[in-house]
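S.K.:
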Amino acid sequence: MLVGAAGNAQLKLPALPDRCALLQRRGDDVWMQVLAADTQVGVNGRPVQHLSRLRAGDRVCFGSSCIDLVAAGRGVPGTDTVADFFLRVRNGARSGNVHRGPVLHLDDHGEVVSAAAGVVGLILVEGSVRLDPNGSAIRLNGTPLKETVTVVDGDQLQIGQRRYIVETLAAPPPEQATQRLEVDDIPLVADVASARPAAQQAGGLWGLIVLAAVIAGAVAILLYFNNA
């Protein structure tokens, strides 16, 4: 799957080069190869310059655009999803509320939700909700969560035996535009053995060229001394 602005890119994101990165599935693994050296690419906040192995739950950012890699069938829950509670951020008015059910409000000071496996920290920061798992067993949209992340409107959290849906009330848009990408949407490379990332293939090719040059040099030296 080509990521970029080119006409043949399967995943188009704003303000990217024509060919920014390449995503491929090899068996159960997902690999990303960075194609544009002048674009800042990172996985879960860590910069990636050449190659990275991805997993469900990773957030991959290309400049100011991000994608959340989710397991198959674990996208944003629909409006008919039944949840135990809704985490509602009080940050202005919202019209057309589609969710129904018990509500836990988050004010400017945030709120802590007690879970069966521990305590989860939910903090409201500049209109966005930061979720700190604190070692608790949490799933975000079906993916196990192990680090602090920003949750957005419609996200589904499973904390212990309870489920929550996040509702933001007219929160300002985040600085980074984020999309969700299911693992199964990434093309599967049938021949795993021959599907090494292009960067690795290029490295092997250069190695053969250097080896050939060394052998040719050695042969030339032998011929020179034989003719001397």
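Each residue of the sequence shown is one higher than the last, beginning at 2 in this note's numbering.
Beta carbons: idealized from backbone N, C-alpha and C, even for Gly.
1. Under the assumption that R20 contacts V190 (Cβ atoms under 8 Å), give the Cβ distance between them as a whole number of angstroms.
2. Quick one: Cα of S66 to Cα of A16, how far?
3. What separation, rounded to the nearest whole angstrom, lies between the Cα atoms of V184 and L209?
4. In its own chain, which residues sit with a C-beta less than 6 Å from the C-beta of R140, not counting the 5 before and 5 after it?
5. Three or more beta-carbon pairs under 8 Å between the region 45-52 and the region 28-36, yes or no?
6. Tell me, to the nearest whole angstrom, how far the beta carbon of L70 is from that of V42; I am working on the premise that it is less than 8 Å.
7. When the Cα of G28 is compared with those of R54, T144, G5, V215, which residue comes out closest?
8. Where do the ends of the beta strand (DSSP E) carrying A10 lie?
9. Which stretch, first to last residue, makes up the beta strand (DSSP E) that contains L189?
10. Which residues in the same chain as G64 place their Cβ atom closer than 7 Å to its Cβ, once the five residues preceding and following it in sequence are excluded?
11. Buried or exposed, going by whether 16 or more other CB atoms sit within 10 Å of the CB of A5?
12. What residues in its chain sit with their C-beta under 6 Å from that of G58, if we drop five residues either side in the sequence?
13. Classify L36 as helix, strand or coil using the three-state DSSP reduction.
14. With distance defined between alpha-carbon atoms, name the residue in P188, L212, A214, A219 nearest to L24.
15. Between A217 and N45, what straight-line distance do the alpha-carbon atoms span, to the nearest angstrom?
16. Whose C-beta lies closer than 6 Å to the C-beta of V61 among residues of the same chain, with five residues either side of it excluded?
M.R.: This is what the structure holds:
1. Not a contact, Cβ separation roughly 18 Å.
2. Straight across, the Cα-Cα distance linking S66 with A16 is about 8 Å.
3. Going from the Cα of V184 to the Cα of L209 covers about 35 Å.
4. These residues qualify, in order along the chain: Q159.
5. Look at the beta carbons and you see the region 45-52 touching the region 28-36: at least three pairs across the two are nearer than 8 Å.
6. With 8 Å as the limit, L70 and V42 do not qualify as a contact, their Cβ atoms being about 14 Å apart.
7. Answer by Cα proximity: R54.
8. Taken as a continuous stretch (DSSP letters only), A10 belongs to no beta strand (DSSP E), as it is neither H nor E.
9. Neither: L189 is in no beta strand (DSSP E) and is coded neither H nor E.
10. Same-chain partners within the cutoff: A16, L17, T40, Q41.
11. The amino acid at residue 5 is misidentified as Ala; the sequence shows Gly. By the 10 Å Cβ count, G5 comes out buried.
12. Cβ neighbours of G58 beyond the five flanking positions: T144.
13. Coil at L36, not helix or strand.
14. Per the C-alpha coordinates, the member of P188, L212, A214, A219 positioned closest to L24 is P188.
15. When the Cα atoms are used, A217 and N45 turn out to be separated by approximately 46 Å.
16. For V61, where only same-chain residues beyond five positions count, the Cβ hits under 6 Å are V44, I68.
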